[in-house]
Ligand code: CMP
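Numbering (UniProt numbering), first residue to last: 1 to 153.
Next comes the structure, spelled out in structure tokens:
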């Protein structure tokens, strides 16, 4: 099973969307294996968004991400990275498909509610970046046989 990192940005917290967003991932069938709140440090942001450091929005992105705590989640499931990206929708809230989180709740490219790992490699890096080993829970879900077929385990 794959794992993927989901960050609920300050706008999700400020707008009271945390429960709604968790509900969407849960009801899809992904399994929550890590959850915590975090005030992101400058160092962590510099590392997490290193690939955007030359972009004109880098400074405002860092300011936005440190304006409130964020919620960090780790979700597990078959093809979890791809599934979470679809649940989140395209980067810009104005372009994102209706039915996705950004499509339903955002009008912005910067205040876009949620970050999800964009590849399997990024998901592994972000898991190590945001979670200590003892913050990840390996628990058995009793409804698993009703979420996946025999051939999908
Ligand atoms: P995220 O998925 O966290 O990855 C990088 C973030 O940079 C992105 O979501 C947006 O919040 C932000 N971002 C990407 N493109 C732009 C842009 N053109 N203008 C402002 N912010 C952007």
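Just so you know, even glycine gets a beta-carbon here, dropped at the ideal spot from N, CA and C.
Return yes when at least one heavy atom of ligand 1 lies under 7 angstroms from the C-beta of residue i, else no.
i: residue 106; result: no
i: residue 119; result: no
i: residue 13; result: no
i: residue 57; result: yes
i: residue 45; result: no
i: residue 17; result: no
i: residue 110; result: yes
i: residue 61; result: yes
i: residue 177; result: The shown model of the chain, from 1 to 153, leaves out residue 177, and the question about it has no answer.
i: residue 23; result: no
i: residue 4; result: no
Can you tell me where the beta strand (DSSP E) holding residue i begins and where it ends?
i: residue 73; result: 70 to 77
i: residue 120; result: Run containing residue 120: none in the beta strand (DSSP E); it sits in the alpha helix (DSSP H), 120 to 130.
i: residue 114; result: 114 to 116
DSSP beta-bridge partners for residue i?
i: residue 2; result: 77
i: residue 37; result: 71
i: residue 32; result: 75
i: residue 100; result: 98
i: residue 7; result: 72, 115
Determine the extent of the alpha helix (DSSP H) in which residue i is found, giving its start and end residues.
i: residue 22; result: 18 to 28
i: residue 13; result: 10 to 14
i: residue 60; result: 58 to 65
i: residue 135; result: That residue, residue 135, is in no alpha helix (DSSP H); it is neither H nor E in DSSP.
i: residue 48; result: 42 to 48
Write down the C-beta distance between residue i and residue j rounded to the nearest angstrom, noting that I regard them as a contact closer than 8 angstroms.
i: residue 10; j: residue 57; result: Incorrect: roughly 15 angstroms between the Cβ atoms, too far for contact.
i: residue 141; j: residue 75; result: Between residue 75 and residue 141 the Cβ distance is about 12 angstroms, and since that is not below 8 angstroms, they are no contact.
i: residue 130; j: residue 18; result: With a Cβ gap of about 16 angstroms, residue 130 and residue 18 do not count as contacting.
i: residue 101; j: residue 120; result: Not quite, the Cβ-Cβ distance comes to about 21 angstroms (not below 8 angstroms), so this is no contact.
Measuring CA to CA, which of the options is closest to residue i?
i: residue 139; options: 31, 17, 80, 27; result: 31
i: residue 72; options: 128, 151, 1; result: 128
i: residue 92; options: 23, 98, 106, 6; result: 106
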